[in-house]
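Below is one structure; the comments refer to it alone.
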Amino acid sequence: MFRNIMHHKASSCSDCAKLCCTKIENFSVKVGSLTIFEDVNLHLHCGQLTALIGPNGAGKSTLLKAILGEIPHKGNLHYAAADGRRTGQPIIGYVPQYLNFDVSAPISVMDIFLACLTDKPVWLTSGRKLRPRVLKNLARVRAEHLIDRRLGALSGGELQRVLLALALDPLPDLLLLDEPVSGVDQNGLELFYEILAELREQEDMAILLISHDLNMVAKHADQVVLLNKGIVNSGTPEEVFADARTRQIFGLLAGFNQEAEK
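Sequence positions in the sequence shown follow full-length UniProt numbering and run 1 to 262.
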């Protein structure tokens, strides 16, 4: 179950012009007669962090679910590796906004990894063989010291880093994050974005992140997409935040860019 939450494979599709990228083409989602969003087209390039912003109800989380194939939708998903030899089956890692579990349960970080990495019940799985692999994944997010910690005893930032580590095994081509630092303190937030920067630089990973923190988006994102029932605007943070359509949706942002750069 946990494995399905954290990893997905997209449907087979065609080439992406020999660039390492995922192309989202003409994505639309309707529920009955209600259009959640329509005609969404995105290029998510390897080594870039793309931030998805928009008001509540804009369809941001629904778009991630559509990319994961969890809800009915129209449109196509295309993937190609940089060498053009591997196409159509990207590995997608996913980090949810939160994990719903019993905080009093005697479940350790190691236990949840065992549940994700094997098909056997945790109590029938030998953790000794998998422990080095789990430590390696946790080290990617600077959390190897948490391996034996009870899941319910983790802080919000620690739990999100553990969920991120789960999403990195196997290493994804595309990493989706749904408001992963909501409720995390400033230190935890900065650390999380540092880790994302390392992943996109060292692993050449494409990252699509939903965020309501416009200051952090301006500071860390390579590209920004403003969604409101469809794509309103996209480009660099400077381009998107200077656009009148962004100001209309979020209100006056006088001095926003200057403040974000301090």
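C-beta atoms are modelled at their ideal positions from N, C-alpha and C, and glycine is treated no differently.
Whole-angstrom distance between I67 and I107, CA atom to CA atom: Their Cα atoms are separated by approximately 30 angstroms.
Cβ contact check for the segment 199-213 and the segment 175-187: 3 or more pairs under 8 angstroms: With the rule of 3 Cβ pairs closer than 8 angstroms, the segment 199-213 counts as touching the segment 175-187.
At least three beta-carbon pairs within less than 8 angstroms, the segment 214-232 to the segment 40-59: Below 8 angstroms, enough C-beta pairs join the segment 214-232 and the segment 40-59 to call them touching: three or more.
Residues that DSSP places opposite I67 in a beta bridge: In the DSSP assignment, no residue is bridged to I67.
Where N187 sits in the DSSP three-state scheme: Correct three-state label for N187: helix.
Pair within 9 angstroms by beta-carbon distance, residue 301 and L114: An answer regarding residue 301 cannot be provided, because it is not within the stretch 1 to 262 covered by the chain.
K262 in three-state terms, based on DSSP: With a pLDDT of 49 at K262, under the threshold of 50, the predicted position of this residue should be treated as unreliable, and no value is reported.
Sub-9 angstroms separation of Y94 and L176 beta-carbons: In contact: Y94 and L176 (Cβ atoms closer than 9 angstroms).
DSSP state of C13 mapped onto helix, strand, coil: Note on C13: pLDDT 38, under 50, position unreliable in the model; the coordinate value appears next. For C13, the three-state secondary structure derived from DSSP is coil.
Helix, strand or coil at F101 according to DSSP, with G and I counted as helix: If DSSP states are grouped into helix, strand and coil, F101 belongs with coil.
Where Q160 falls, given that 16 or more other Cβ within 10 Å makes a residue buried: Counting the other Cβ atoms within 10 Å of the Cβ of Q160 gives 16 or more, which makes it buried.
Per DSSP, the bridge partner or partners of R150: When beta bridges are read from the DSSP output, R150 appears opposite S108.
Secondary structure of S182, DSSP reduced to three states: Coil.
Cβ pair R133, L117 closer than 9 angstroms: Result yes, Cβ atoms of R133 and L117 sit closer than 9 angstroms.
I210 - partner residues in DSSP beta bridges: BP columns for I210 point to L52 and D178.
Bridge partners - Q223, DSSP secondary structure assignment: Beta-bridge pairing links Q223 to T50.
Range of the contiguous beta strand (DSSP E) that encloses N137: For N137, there is no enclosing beta strand (DSSP E); the residue is part of the alpha helix (DSSP H) that begins and ends at G127 to R140.
Nearest-angstrom Cβ-Cβ length linking H73 and S28, presumed shorter than 8 angstroms: Sure, about 6 angstroms apart at Cβ, within 8 angstroms.
Buried versus exposed call for R200 [16 or more other C-beta atoms within 10 Å across all chains shown]: A residue is called buried once 16 or more other Cβ atoms fall within 10 Å of its Cβ, and R200 is buried on that count.
H147 versus L99 - alpha carbon distance: One detail in the question is off: residue 147 reads as Ile in this sequence, not His. A straight-line Cα-Cα distance of about 17 angstroms links I147 and L99.
Where A80 falls: helix, strand or coil (DSSP): A80: strand per DSSP, three-state reduction.
Residue range of the beta strand (DSSP E) that includes G235: Per DSSP, G235 belongs to the beta strand (DSSP E) from I231 to G235.
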